Ligand code: B16
Ligand code: MG
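Residue numbers (the numbering used here): 2 to 225.
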């Protein structure tokens, strides 16, 4: 078995480093209630890692709205979400996330965040983790969102690392697909029904070990 170099870790944000996925759910739920559209936690699973516009399309479940109404609804949902973000603090970091990122940095691994959220920079600021990151790729950096590979390719470029040397950490099916399409190795965080296509599946970052992940994933990849 060959050994494939790993030089950068690229982290999705919502659901990987922080628990904002719950806040996205609450904001969409409020909008859905106001519009009289049934929307459950299970429906929300299909919105993980998906852009704001595509999330609205899925939430509407075939109901047709004008472009103006769609823009207003996305605006409204974002307003509810931004209000909740004002309460966000380092306490909303997921267990073990910061330690894991620090351990990676101490090993000389470059660290980036790649999220299609247009609120990425606010979230990073409120979590107080900006100083730990070599680069941030957000919803303003690319046109095509996950499952397109663009956001991860952009992040790899931002840390000056070939895609073949990047490992992505993702909690969403669309994100796992995007990372694989980018030619990267992926650690899926969460249930296998959701992230089972990843090269390695873990429940979360709380017990993840940098050395272990590198040793497992360096046995698989694209020859440098
Ligand atoms: P915004 P990720 C995604 O971020 C979220 O998972 C998804 O639920 C959200 O709809 C999307 O960002 C857009 O976010 O409305 O803030 O621009 O998982 O790529 O970090
Ligand atoms: Mg996510």
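From the three backbone atoms N, C-alpha and C, an ideal C-beta is built for every residue, glycine too. This structure is a prediction, so every number in the text was calculated from the model and none was measured.
Spatial neighbours of residue i in its chain, beta-carbon cut-off 6 angstroms, leaving aside the 5 residues before and after
{"i": "residue 2", "result": "Caution applies to residue 2, whose pLDDT of 49 falls short of 50 and renders its modelled position unreliable; the value that the coordinates give is listed next. These residues qualify, in order along the chain: 220."}
{"i": "residue 206", "result": "97, 98 and 101"}
{"i": "residue 142", "result": "155"}
{"i": "residue 167", "result": "9, 11, 157 and 185"}
{"i": "residue 150", "result": "179, 182 and 183"}
Contact belief for residue i with residue j at Cβ below 8 angstroms, rounded distance in angstroms
{"i": "residue 11", "j": "residue 199", "result": "Between residue 199 and residue 11 the Cβ distance is about 13 angstroms, and since that is not below 8 angstroms, they are no contact."}
{"i": "residue 50", "j": "residue 176", "result": "4 angstroms"}
{"i": "residue 114", "j": "residue 137", "result": "5 angstroms"}
{"i": "residue 190", "j": "residue 17", "result": "6 angstroms"}
{"i": "residue 106", "j": "residue 133", "result": "7 angstroms"}
Delimiting residues of the alpha helix (DSSP H) encompassing residue i
{"i": "residue 203", "result": "Run containing residue 203: none in the alpha helix (DSSP H); it sits in the beta strand (DSSP E), 201 to 203."}
{"i": "residue 217", "result": "211 to 218"}
Proximal residues to residue i (C-beta, below 7 angstroms), its chain only, five neighbours per side dropped
{"i": "residue 212", "result": "none"}
Pair within 8 angstroms by beta-carbon distance, residue i and residue j
{"i": "residue 140", "j": "residue 119", "result": "yes"}
{"i": "residue 85", "j": "residue 24", "result": "yes"}
{"i": "residue 214", "j": "residue 188", "result": "yes"}
{"i": "residue 117", "j": "residue 147", "result": "yes"}
{"i": "residue 29", "j": "residue 60", "result": "yes"}
{"i": "residue 159", "j": "residue 171", "result": "no"}
{"i": "residue 9", "j": "residue 162", "result": "yes"}
{"i": "residue 203", "j": "residue 209", "result": "yes"}
Cβ neighbours of residue i in the same chain (closer than 8 angstroms, five flanking residues each side left out)
{"i": "residue 19", "result": "89, 93, 94, 95, 98, 124 and 128"}
{"i": "residue 13", "result": "50, 114, 115, 116, 169, 170, 171, 172, 173 and 176"}
{"i": "residue 64", "result": "38"}
Proximity test, residue i beta-carbon vs the ligand MN heavy atom, cut-off 7 angstroms
{"i": "residue 59", "result": "Absent from the structure shown: the ligand MN. Ligands present: the ligand B16 and the ligand MG."}
Cutoff 8 angstroms: residue i Cβ touching any chain C Cβ
{"i": "residue 37", "result": "Absent from the structure is chain C; it holds one protein chain and no more."}
Host beta strand (DSSP E) of residue i (start-end)
{"i": "residue 140", "result": "Where residue 140 is concerned, there is no enclosing beta strand (DSSP E), given that its DSSP letter is neither H nor E."}
Which residues have their C-beta within less than 5 angstroms of a heavy atom of the ligand MG, listed in chain order? 13, 15, 16, 50, 172 and 173
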